[in-house]
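To keep things clear, I will list the structure first and then write my remarks on it.
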Amino acid sequence: MRWFLLTRIIQSLLVLAVMSFVIYALIGLMPGDPIDLMISSNPNMTAADAAALRQLFGLDLPIYQRYLNWLGTALGGDLGYSRLFGQPVLDVLFPAMKNTVILMGTAFILSVCIAIPVGTFAASKPRSAVDYGVNLFAFAGISIPSFWLALMLIIIFSVFLGWFPAGGIAVDGAPFLEQIKYMVLPVATITIVSIGGHSRYVRSSMIEVLRQDYIRTARAKGADNKRVIWKHALRNAMIPVVTILALDFGFLFSGALITETIYSWPGMGKLIFDSVMGNDFNLALVALLFATALTLTGNLLADICYAWLDPRIVIGGDSK
Amino acid sequence: MTAKQPPVLEVEHLSIGFESDSGILSVVEDISFSLNSGETLALVGESGCGKSLTALAMLQLLPPFGKVLSGSIKLHGKELVGLADSSMEAIRGNQISMIFQEPMSALNPVFTVGQQVAEPLILHKDMSPSEAYQRAIEMLEAVGIPDPISRANNYPHQLSGGMRQRVMIAIALACEPDILIADEPTTALDVTIQAQILDLMHDLQEKFGTSILFISHDFGVVSRMADEIAVMYAGRVIEQGTATDVLVEPKHPYTTALLNTTPRIDISVDRLPAIPGRVPTPAERPQGCCFAPRCSLASDICSSERPMSIQLTDSHSAACYEVGHG
């Protein structure tokens with residue numbers, strides 16, 4: 001187990017290192033650099049001044065050298081300043097990440113908690129009215145564009161009914177109920193959109209498991225339907241579902257761009273979008289790297305989950 | 321011989337089929353047999369003759385859309401056909417147990433074998449999980465698993481095929497059922513392991529007084545186990561009798577042909593005889609005797625009318641026009 005974790009962490013760090021270069025290079029390829037931005041806001045600058053500045057900031061160097069310079073300082077703990085916000089990158093990043101985790105985490109937990117029983121129930125009665133109903137709802141959820149759903153929810157619940165605010169986030173220190181009010185619509189939007197996919201995965205995995213011989217054995221032992229499904233089948237059915245959930249884990253931290261933008265939720269999705277559009281290289285780079293790192297972490301957690309769910313998977317070869 | 325007890329399990333005129341949009345397809349037609357206390361009845365036949373379906377019907381565990389169309393299944397005189405699910409659940413694993421062909425896939429991969437053997441005891445005998453687990457270890461020992469205490473902690477994938485079938489037997493016999501249904505329990509195993517499992521079933525049958533309904537396509541295996549044999553072909557029992565009746569004096573041409581395909585150690589042949597043709601699927605069964613198209617003795621009447629079962633002796637019967645005047 002320890003050996004497995006160590007190799008996986010090293011692997012993840014390698015991937016992260018490669019990704020950091022790729023992201024750095026891609027951002028470097030974007031038209032315009034910080035000096036262009038400086039010039040555009042100051043008409044007195046000459047081309048010679050710009051060249052001098054480029055040399056001063058090391059921007060005339062080839063990209064790999066610039067990358068290595070950045071890497072050196074970044075590893076030293078200095079991730080730089082955000083040009084847009086005028087604050088150290090991490091000071092901008094962490095509040096956004098906290099907001100995103102609150103939003104996406106709630107939606108993720110809700111979606112999984114609803115999708116597992118709903119998908120299982122649909123699978124236990126395939127082709128029944130309930131199954132068709134669940135399928136209809138699932139496909140609707142998968143097909144509805146989130147921006148449209150978000151707008152509909154705002155029209156109904158904010159404009160007509162006035163129950164929830166149309167966007168934004170509660171000020172720090174606001175009462176809990178107030179904070180919840182701001183969360184309801186964005187959380188509902190993301191949950192409704194993701195629940196369809198999740199319940200479809202649970203359903204199909206469950207149907208596959210219910211066909212297995214060991215389910216027949218369980219019935220032959222005299223286990224009732226409830227026990228067969230929730231005790232014998234569910235754990236087996238969860239094994240493939242974990243893969244899908246792990247892939248979603250990355251989104252927990254990278255945010256849902258469209259939903260966050262529509263509800264003006266100050267999270268990572270919006271931050272990454274703003275930083276790329278605003279040529280805030282430092283911020284975009286670090287935000288994307290964090291998203292990558294956390295996706296890798298999600299996959300690592302999924303591997304650990306497999307071993308916990310399925311005794312046939314032995315992590316690191318240290319079997320009893 | 322002691323005075324004859326009433327049979328433990330009595331099956332009368334049982335028909336099983338599948339319901340679909342285009343109607344009902346009957347697979348097993350009008351079969352009757354009875355299983356006596358402590359005895360073994362073997363249902364023998366080729367793949368697709370309906371023997372596994374018959375076995376599953378005893379537990380009311382037919383696959384989706386499968387259905388008992390008519391007939392009765394009586395356990396100690398109590399009708400099982402149409403019994404409510406909850407009453408059937410109380411019988412499964414408790415009075416009637418079943419072991420399956422594939423020990424590889426019949427055990428749940430995510431639970432230890434100890435937990436799996438303990439489960440029927442928790443379900444039926446009101447045992448606490450720890451009591452049941454203790455009993456499970458005893459059962460594992462009874463089925464010849466070495467070092468049962470540590471083996472109980474193993475997951476199915478850590479055991480060999482033979483060991484897994486032993487575990488299945490331990491699960492099936494945990495509640496000391498009256499009837500054990502064994503659906504090709506040794507087909508997936510090596511020959512040496514086969515013999516061990518058959519011996520084990522024999523020993524446990526004597527120890528617990530279990531009656532066994534033994535499903536097989538292999539006369540070699542059946543001859544070791546069976547007291548009575550019912551030979552099935554295309555959904556019907558075509559010959560029935562004591563093991564001696566059927567094995568030594570087979571009357572139905574199909575039984576004879578099937579016996580001829582079984583390799584024998586005392587006779588040397590270049591090539592084993594095979595029965596030409598194949599079993600008709602339920603949808604393409606002919607009007608007359610289903611075996612007629614493959615039968616060397618078939619005459620005109622065979623292909624126009626189904627032969628009825630003819631009682632030859634007290635114990636022996638066969639459904640063939642040839643046996644009447646044979």
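Protein chains in written order, with the numbering used here: chain R, 1 to 320; chain G, 321 to 646. Cβ coordinates follow ideal geometry from the N, Cα and C atoms, glycine included.
Rounded distance between the beta-carbons of residue j and residue i, thought under 8 Å
{"i": "residue 438/G", "j": "residue 449/G", "result": "7 Å"}
{"i": "residue 292/G", "j": "residue 337/G", "result": "Here chain G comprises residues numbered 321 to 646, so residue 292/G is not present and cannot be evaluated."}
{"i": "residue 344/G", "j": "residue 331/G", "result": "So it is not a contact: roughly 20 Å between Cβ atoms."}
{"i": "residue 193/R", "j": "residue 146/R", "result": "5 Å"}
{"i": "residue 428/G", "j": "residue 214/R", "result": "4 Å"}
{"i": "residue 162/R", "j": "residue 409/G", "result": "Going by Cβ atoms, the distance from residue 162/R to residue 409/G rounds to 53 Å, so no, they are not a contact pair."}
{"i": "residue 116/R", "j": "residue 202/R", "result": "5 Å"}
{"i": "residue 531/G", "j": "residue 329/G", "result": "7 Å"}
Listed by chain order, chain R residues near residue i by CB distance under 7 Å
{"i": "residue 413/G", "result": "220, 221, 222"}
{"i": "residue 440/G", "result": "221, 222"}
{"i": "residue 418/G", "result": "220"}
{"i": "residue 491/G", "result": "221"}
Per-residue burial, residue i [other beta carbons within 10 Å of its own, 16 or more giving buried]
{"i": "residue 470/G", "result": "exposed"}
{"i": "residue 318/R", "result": "Because the pLDDT at residue 318/R is just 47, under 50, the model does not fix this residue reliably, and the point stays unresolved."}
{"i": "residue 646/G", "result": "Below a pLDDT of 50, predicted positions are generally treated as unreliable, and residue 646/G, at 45, falls in that range; the measurement from the model is reported next regardless. Burial call: exposed."}
{"i": "residue 87/R", "result": "exposed"}
{"i": "residue 22/R", "result": "exposed"}
{"i": "residue 232/R", "result": "buried"}
{"i": "residue 55/R", "result": "exposed"}
{"i": "residue 104/R", "result": "buried"}
{"i": "residue 283/R", "result": "buried"}
{"i": "residue 581/G", "result": "exposed"}
{"i": "residue 477/G", "result": "exposed"}
{"i": "residue 185/R", "result": "buried"}
{"i": "residue 63/R", "result": "exposed"}
{"i": "residue 320/R", "result": "Legend: pLDDT at residue 320/R = 38, less than 50; position of this residue unreliable, no value from coordinates given."}
{"i": "residue 578/G", "result": "buried"}
{"i": "residue 371/G", "result": "buried"}
{"i": "residue 211/R", "result": "exposed"}
{"i": "residue 238/R", "result": "buried"}
{"i": "residue 132/R", "result": "exposed"}
{"i": "residue 69/R", "result": "exposed"}
{"i": "residue 611/G", "result": "buried"}
{"i": "residue 219/R", "result": "buried"}
{"i": "residue 139/R", "result": "exposed"}
{"i": "residue 383/G", "result": "exposed"}
{"i": "residue 544/G", "result": "buried"}
{"i": "residue 627/G", "result": "buried"}
{"i": "residue 313/R", "result": "exposed"}
{"i": "residue 674/G", "result": "The displayed coordinates of chain G run from 321 to 646. Any statement about residue 674/G would go beyond what the structure contains."}
{"i": "residue 591/G", "result": "exposed"}
{"i": "residue 176/R", "result": "exposed"}
{"i": "residue 91/R", "result": "exposed"}
{"i": "residue 265/R", "result": "buried"}
{"i": "residue 321/G", "result": "Its pLDDT being 45, under 50, residue 321/G is placed unreliably by the model, and nothing is read from it."}
Under 8 Å from the C-beta of residue i: neighbouring residues of chain G
{"i": "residue 245/R", "result": "In chain order: nothing, as chain G lies at least about 18 Å away."}
{"i": "residue 214/R", "result": "425, 426, 427, 428, 429"}
{"i": "residue 236/R", "result": "428, 429, 430"}
Within chain R, the residues that residue i reaches when beta carbons sit closer than 8 Å
{"i": "residue 409/G", "result": "222, 223, 224"}
{"i": "residue 475/G", "result": "311, 312"}
Beta carbon proximity, residue i to chain C, threshold 9 Å
{"i": "residue 174/R", "result": "No chain C appears in this structure, whose protein chains are R and G."}
Under 7 Å by beta carbon: chain G residues contacting residue i
{"i": "residue 232/R", "result": "428"}
request  = Give the residues from the segment 377-405 of chain G that approach chain R closer than 8 Å (Cβ to any Cβ), ordered along the chain.
outcome  = Of all residues in the segment 377-405 of chain G, those with a C-beta nearer than 8 Å to a C-beta of chain R are 379, 381, 405, reading in chain order.
message = To test your reading of the DSSP string, which unbroken alpha helix (DSSP H) runs of 4 or more residues are found completely within the segment 207-251 of chain R?
response = With a minimum length of 4 residues, the continuous alpha helix (DSSP H) runs that stay inside the segment 207-251 of chain R are 213-220.
The segment 420-451 of chain G: positions lying closer than 7 Å to chain R by Cβ = Answer set for the segment 420-451 of chain G: 420, 422, 425, 426, 427, 428, 429, 430, 439, 440, 443, 444.
Continuous alpha helix (DSSP H) assignments of at least 4 residues falling wholly in the segment 542-619 of chain G = As for any alpha helix (DSSP H) of minimum length 4 sitting wholly inside the segment 542-619 of chain G, the runs are 563-568, 573-580, ordered along the chain.
task = Using a Cβ-Cβ cut-off of less than 9 Å, give me the residues of the segment 116-142 of chain R that come near chain G, in sequence order.
result = Of all residues in the segment 116-142 of chain R, only 126 place a beta-carbon less than 9 Å from a beta-carbon of chain G.
message = Give the list of continuous alpha helix (DSSP H) stretches no shorter than 4 residues that lie fully inside the segment 366-442 of chain G.
response = Taking only runs of at least 4 residues, the alpha helix (DSSP H) segments lying wholly in the segment 366-442 of chain G are 371-378, 405-411.
inquiry  = Threshold first: 4 residues or longer. Then list the alpha helix (DSSP H) segments lying entirely within the segment 84-135 of chain R, N to C.
reply    = Counting only runs of 4+ residues, the alpha helix (DSSP H) found wholly inside the segment 84-135 of chain R occupies 89-124, in chain order.
inquiry  = Using a Cβ-Cβ cutoff of 8 Å, what residues of the segment 295-310 of chain R are near chain G? List them in chain order.
reply    = Cβ contacts with chain G: 309, 310.
query = Residue ranges of each alpha helix (DSSP H) run of no fewer than 4 residues wholly in the segment 24-67 of chain R, ordered along the chain?
reply = Segments of the alpha helix (DSSP H) lying fully in the segment 24-67 of chain R: 34-40, 47-57.
Length-filtered (4 minimum) alpha helix (DSSP H) runs lying within the segment 464-491 of chain G = Listed in chain order, they are 468-471.
ask   = Residues in the segment 192-217 of chain R with C-beta within 9 Å of chain G's C-beta atoms, listed in sequence order?
value = Among the residues of the segment 192-217 of chain R, those with a Cβ less than 9 Å away from any Cβ of chain G are 212, 213, 214, 215, 216, 217, in the order of the chain.
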